[in-house]
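The next block holds one structure in the form of structure tokens; read it before the comments.
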Amino acid sequence: MNYNLYQAADFAADESFVAYFLKTDTRSVEMWSKWISLHPEKLDEVYNAEQLLSRIHFRPSEQDMQQAFDQFNAFLEQDMSPAHVEQEKPRSRFRWKTALVMACSIVLISVTLYSYLRSTPNLQYVTRHNDYGKISVIKLSDGTVINLNSNSSVRYPKVFKGTHREITLEGEAFFEVAKDKSRPFTVSSNGLKTTVLGTRFNVNAYKGNDQIRVALVEGSVSLQIEGTEKSILLKPSEMGSFHTSRQSLTTSDFDAEETMAWKEGIISFKHASFEEVARKMNNIYGIRLINKSNDHHWNYTGQFRKTDYLSIIQSMCFAKKINYTQNNQSITLTP
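If you count by my numbering, then the sequence shown holds residues 3 to 337, one letter each, in order.
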């Protein structure tokens, strides 16, 4: 099935998508949560489908249900005029009631669909992407400010509508979310949802990393693994880590200066292993580091302000007394 061709009505008519929406089937929830996170370009159609389903699969209060049932039952049980009906057979009377119930159901669904088509907001989305080495600042329609790191993408509605503000991030960004208690703000990133009302926090969610890290500077945030009930609350100066392979959440302290340094164009390492250095260089500059030197136990510390990757490589090699060779976007460290 090519879900990429689906529109809102197709999603709403798909049995597995309905099970995902109603959370009645674990496999459907896991499958659709993963598919949606991998296809942010379909968020507007998914949102519209969920709005349609929320109108069809509504749950009135027990009082409203009882009142409607009493009124409907009274109508069905009312005496029919003797001039028109002398004695109605039980079986034909049952069929008549059943037909009327079905007709009322069809009318209800038709009205719901008509209401949906008239009221569902037509969201227009904007996608911003930064190439390697580029940092940009984005201001959203609600006043939220996003600092977007290099090799990162963010997708958001041109104008927020409805009772929720939701965007999608791949890469790293720092958020200063405009306060709005009536409309939570959610960042979706590779299976993790970060939800706030108004706060300042950093999300590191580069593709291919085994962890997504959310560092909270101010306010409070909720982290939830998509498709599950697993969630944690962060306090200021706490970092939440989502381990994608284990599908688990942990918390720890973090170094704010090192974590936020990228906003000022600073590449910062603090007691970093080779794996950490290689990952950051790949995320920011798109280069691949290969370690064939004799030094495999790195504990590297250094800061570089708005510089090119070769200057960083040369500085590291000088400090560790090793050499390097370059082949296109691959750099090999040698004795």
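Positions of the beta carbon are idealized from the N, C-alpha and C atoms, including for glycine.
Assuming G267 contacts I137 under a Cβ cut-off of 8 Å, what Cβ separation, rounded to an integer in Å, is found between them?
-> 6 Å
Check whether the Cβ atoms of A207 and L150 lie closer than 8 Å to each other.
-> Their beta carbons are not under 8 Å apart, which means A207 does not touch L150 by this criterion.
How would you write the range of the alpha helix (DSSP H) that F203 sits in, first residue to last?
-> Counting along the chain, F203 sits inside no alpha helix (DSSP H); it lies in the beta strand (DSSP E) bounded by residues R202 to A207.
Burial state of T339, where buried means 16 or more other Cβ atoms lie within 10 Å = Residue coverage of the chain in this structure runs from 3 to 337, which leaves residue 339 outside it and unanswerable.
Rounded C-alpha distance that separates S270 from L225 = 26 Å
Quick one: grab the DSSP three-state call for T26.
-> In the structure shown, T26 sits in coil (DSSP, three-state: anything other than H, G, I, E or B).
Pair within 8 Å by beta-carbon distance, I214 and N192 | yes
Sequence-distant residues of the same chain with beta carbon closer than 8 Å to L119, five excluded per side = Any reading at L119 needs caution, since the residue's pLDDT is 47, under 50, leaving its predicted position unreliable; the model's value is listed next. For L119, where only same-chain residues beyond five positions count, there are no Cβ hits under 8 Å.
Could you check where the beta strand (DSSP E) with T197 kicks off and where it finishes?
-> Start and end: L194 to V198.
Note the first and the last residue of the continuous alpha helix (DSSP H) segment covering K282.
-> F276 to Y287
Opposite D310 in the DSSP bridges: which residues?
-> BP columns for D310 are empty, so no partner.
Please report the residue range of the alpha helix (DSSP H) in which F13 lies.
-> A10 to A15
A321 - DSSP class collapsed to helix/strand/coil | Three-state DSSP puts A321 in a helix.
Cut-off 6 Å between Cβ atoms - residues of its own chain near L218, not counting five sequence neighbours on either side = Correct list, in chain order: F203, L236, P238 and E240.
Burial state of R157, where buried means 16 or more other Cβ atoms lie within 10 Å | buried
Residue burial classification, E17 (beta-carbon count within 10 angstroms, cutoff 16) | exposed
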